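Enquirer: Residues 12 to 396, numbered by the working numbering, are exactly what the sequence shown covers, in order.
Cβ coordinates follow ideal geometry from the N, Cα and C atoms, glycine included.
If you're wondering where the values come from, they're calculated on a predicted model, not measured in any experiment.
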Amino acid sequence: MRVQNLARSVSLAGVIAAMGVAPVLLSTQANAEDEIEVGVVLPITSVLAPYGKPFVDALEMAVADANAAGGIDGRKIELVVEDSQASNTVAINAINKVMRGDPVAVFGPALGTQILAIMPTTEQAKVPLIAGPSTRKVTQQGADYFFRNSTHDAIAKENWTRYLVEDLGKKKIGILHVANEWGYSGRDNTAGFLKELYGLEPVSIASYQPTDKDLTAPILQMVNAGADAIVSQGHPVDEALLVKQMKQLGVDVPHIASGSLCVSVLRGLVSAEEVAGHYCEGPDVIPSLSEKPAVQAWVKAYKEKTGFEPDIYATHYYDAMNMLIQVMRQQGADREKIRDGLRDASYEGVIGTYKADEEGNLWHNAAIMKFLPDGKIEVVRRYSN
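1) Where does S282 land, buried or exposed, given buried means 16+ other C-beta within 10 angstroms?
2) Count the other CB atoms within 10 Å of the CB of R393; is the residue buried (16 or more) or exposed (fewer)?
3) With which residues is Q244 paired in a DSSP beta bridge?
4) For P120 and G50, which I take to be in contact (beta-carbon distance under 8 angstroms), what is that distance rounded to the nearest angstrom?
5) Just how far apart, CA to CA, sit R354 and V115?
6) Kindly indicate which three-state DSSP category Q40 falls into: helix, strand or coil?
7) Cα separation between A378 and A331?
8) In terms of alpha-carbon separation, which member of L187, L226, L272 and E284 lies closest to V296?
9) Can you tell me which of N376, H266, V91 and E250 puts its alpha carbon nearest to the alpha carbon of R278?
10) With a 10 Å radius around its C-beta and 16 neighbouring C-beta atoms as the bar for buried, classify L37 as buried or exposed.
11) Among the candidates L70, F157, G237 and H375, whose CA atom is the shortest distance from the CA of I216?
12) My output table needs one value for M110: the three-state DSSP class, helix, strand or coil.
13) Out of curiosity, what's the CA-to-CA distance linking T56 and I362?
14) Does DSSP classify K311 as helix, strand or coil?
15) Take the Cβ of G185 as the centre, count every other Cβ of all protein chains shown within 10 Å, and call the residue buried at 16 or more, exposed below.
16) Taking one C-beta from the segment 170-183 and one from the segment 133-151 each time, how about it: are there three or more such pairs within less than 8 angstroms?
17) Checking 7 angstroms against the spacing of the C-beta atoms, do V101 and V52 come in under that value?
18) Suppose you measure from the CA of D113 to the CA of E48; what does that come to, to the nearest Å?
19) The alpha helix (DSSP H) that contains H289, what's its start and end?
20) Does the beta-carbon of N160 have 16 or more other beta-carbons within 10 angstroms, so that it is buried, or is it exposed?
21) Which residue comes first and which comes last in the alpha helix (DSSP H) that contains N78?
22) Take G261 as the anchor and find which of K303, Q342, T227 and E292 has the nearest alpha-carbon.
23) Quick one: what's got a C-beta closer than 8 angstroms to L211's C-beta in the same chain, skipping five residues either side?
24) Apart from the five residues just before and just after P298, which ones in its own chain have a Cβ nearer than 6 angstroms to its Cβ?
25) How about S395 and N376: are their beta carbons less than 7 angstroms apart?
26) Buried or exposed: where does E347 fall if 16 or more other Cβ atoms within 10 Å of its Cβ makes it buried?
27) Determine, using beta carbons only, whether P247 and S275 come nearer to each other than 7 angstroms.
28) If we call anything under 7 angstroms between Cβ atoms a contact, is D164 one with N191?
29) When burial is assigned at 16 or more other CB atoms within 10 Å of the CB, is T222 buried or exposed?
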């Protein structure tokens, strides 16, 4: 793996260390002429590091296995990694640096705001961009070269809306979200499904900045509005903070968080005691809960490499890289052939089948999990399209 210009770490070093994010080492080794470059633009540092370093680990594992098996017609795959941090500007600079080389494809962040920032560059260069943001509008831009390797909010938020109203009987839903494109996607899709399916309006909607360190005010806004359930769309650090402060404030209503809370739990940002009774949703169940031998083998291998169990998003990046490798072995390492191959292929990854729809969405499932007092996790609702 080659990291071209890793930005200096920000002041959240202690938080990042708690997430188990190891430093990425610089390498000055030049690319051999026969190597196939795959670009990687992910937040390796900053508060968004849980959306970056775990994915790099997953991509490295897939590439290492492929290279050990002979690569692509004898050519090794080389990951060219740039840090997008927590900034659209940095993300744009990162994709520009990656594109100075000759990548046949690029893996981008699972952050809609950053994907929308870098997508014009990859579209102009006609290079396939693969990423897992759930922001609904990402695949509604008419992009020809973008592929989403995870579930979008129109699926996930319908799933959690139906669970709250139909399964739990809740009708006074409060929505709490981070103030960016991803947060707005969760807000708008949830409010839309409440209206469309049940004729309901959210009793309260509150937003916060991703750098906020106190969520007391928006939590109390939900309570004062009489919310009998809360949904939240935030990043791992703020989802963990939300859970901790709900406990401190004695707020005891059903709370379904975005998949970031699953990441928070797996990365040790919140304890089993603190998260007990809360829910998280995601594109599928946490891999360690699967009984499939292939998934358990993946979980074991990832944990041996990183010290942590993989979340579902890291698993999607692992599967998507293997899907790309399969396409290159069948079609060749050419951008147009890769784009066409990703459009047409049906790929069986470790957790299931990936198949592109007309928008380039490869994954079409969703799940809701509940954290139990004994530290176990219960799957309470699954959706498969």
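Expert: For this structure:
1) By 1-based counting over the sequence shown, the position of residue 282 is 271. By the 10 Å Cβ count, S282 comes out exposed.
2) The residue labelled residue 393 in the question sits at position 382 within the sequence shown. That one is exposed.
3) Taking the first residue of the sequence shown as position 1, residue 244 is located at position 233. DSSP, once it has assigned bridges, lists H188 as partnering Q244.
4) The residue labelled residue 120 in the question sits at position 109 within the sequence shown. The residue labelled residue 50 in the question sits at position 39 within the sequence shown. P120 to G50, Cβ: 12 angstroms. No contact.
5) Within the sequence shown, numbered from 1, the residue matching residue 354 stands at position 343. Within the sequence shown, numbered from 1, the residue matching residue 115 stands at position 104. Distance between the alpha carbons of R354 and V115 is about 15 angstroms.
6) In the sequence shown, the residue the question calls residue 40 occupies position 29. For Q40, the predicted structure reports a pLDDT of 37, less than 50, and the residue's modelled location is therefore unreliable. The matter cannot be settled from this model.
7) Counting from one through the sequence shown, the residue named residue 378 turns up at place 367. Counting from one through the sequence shown, the residue named residue 331 turns up at place 320. Those two C-alpha atoms are separated by around 19 angstroms.
8) Against the sequence shown, residue 296 aligns to sequence position 285. If we check each option's Cα against that of V296, L272 comes out closest.
9) In the sequence shown, counting from the first residue as 1, residue 278 sits at position 267. Ranking N376, H266, V91 and E250 by CA distance to the CA of R278 puts E250 first.
10) Within the sequence shown, residue 37 is the residue found at index 26, counting from 1. Bear in mind that the predicted position of L37 carries a pLDDT of just 35, short of 50, making it unreliable; the figure below should be weighed with that in mind. So L37 counts as exposed.
11) The sequence position of residue 216 within the sequence shown is 205, counting from 1. Closest by alpha carbon: G237.
12) In the sequence shown, residue 110 corresponds to position 99, counting from 1. Here M110 sits in coil by DSSP.
13) In the sequence shown, counting from the first residue as 1, residue 56 sits at position 45. In the sequence shown, counting from the first residue as 1, residue 362 sits at position 351. Spanning the two alpha carbons is a distance of roughly 28 angstroms.
14) The sequence position of residue 311 within the sequence shown is 300, counting from 1. K311: helix per DSSP, three-state reduction.
15) Position 174 of the sequence shown holds residue 185. Result: buried.
16) no
17) Indexing the sequence shown from 1 puts residue 101 at position 90. Indexing the sequence shown from 1 puts residue 52 at position 41. No, the pair does not count as a contact, with Cβ atoms beyond the cut-off.
18) As a position in the sequence shown, residue 113 is number 102, starting the count at 1. As a position in the sequence shown, residue 48 is number 37, starting the count at 1. Cα to Cα, D113 sits roughly 6 angstroms from E48.
19) Translated into positions along the sequence shown, residue 289 becomes position 278. H289 -> no alpha helix (DSSP H), and no H or E assigned at all.
20) As a first step, residue 160 is located in the sequence shown; it is residue number 149 there, counting from the start. Label assigned to N160: buried.
21) What you label residue 78 is simply residue 67 of the sequence shown in a count that begins at 1. It spans K64 to A79 - the alpha helix (DSSP H) in which N78 sits, taken as one unbroken run.
22) Here residue 261 refers to the residue found at position 250 when the sequence shown is read from its first residue. Among K303, Q342, T227 and E292, the Cα nearest to that of G261 belongs to T227.
23) For the purposes of this step, residue 211 is identified with residue 200 of the sequence shown, where counting begins at 1. V176, K182, I184 and L205, listed in sequence order.
24) Working through the sequence shown from its first residue, we reach residue 298 at position 287. Closer than 6 angstroms at the Cβ level, and outside the excluded window around P298, lie V306, V310, P321 and T326.
25) On the sequence shown, residue 395 is found 384 positions in, with the first residue counted as 1. On the sequence shown, residue 376 is found 365 positions in, with the first residue counted as 1. Cβ atoms of S395 and N376: closer than 7 angstroms.
26) Walking along the sequence shown from the start, residue 347 turns up at place 336. E347 should be labelled exposed.
27) By 1-based counting over the sequence shown, the position of residue 247 is 236. By 1-based counting over the sequence shown, the position of residue 275 is 264. Cβ atoms of P247 and S275: closer than 7 angstroms.
28) As a first step, residue 164 is located in the sequence shown; it is residue number 153 there, counting from the start. As a first step, residue 191 is located in the sequence shown; it is residue number 180 there, counting from the start. No, Cβ-Cβ distance for D164 and N191 is not below 7 angstroms.
29) Here residue 222 refers to the residue found at position 211 when the sequence shown is read from its first residue. Its Cβ having fewer than 16 others within 10 Å, T222 is exposed.
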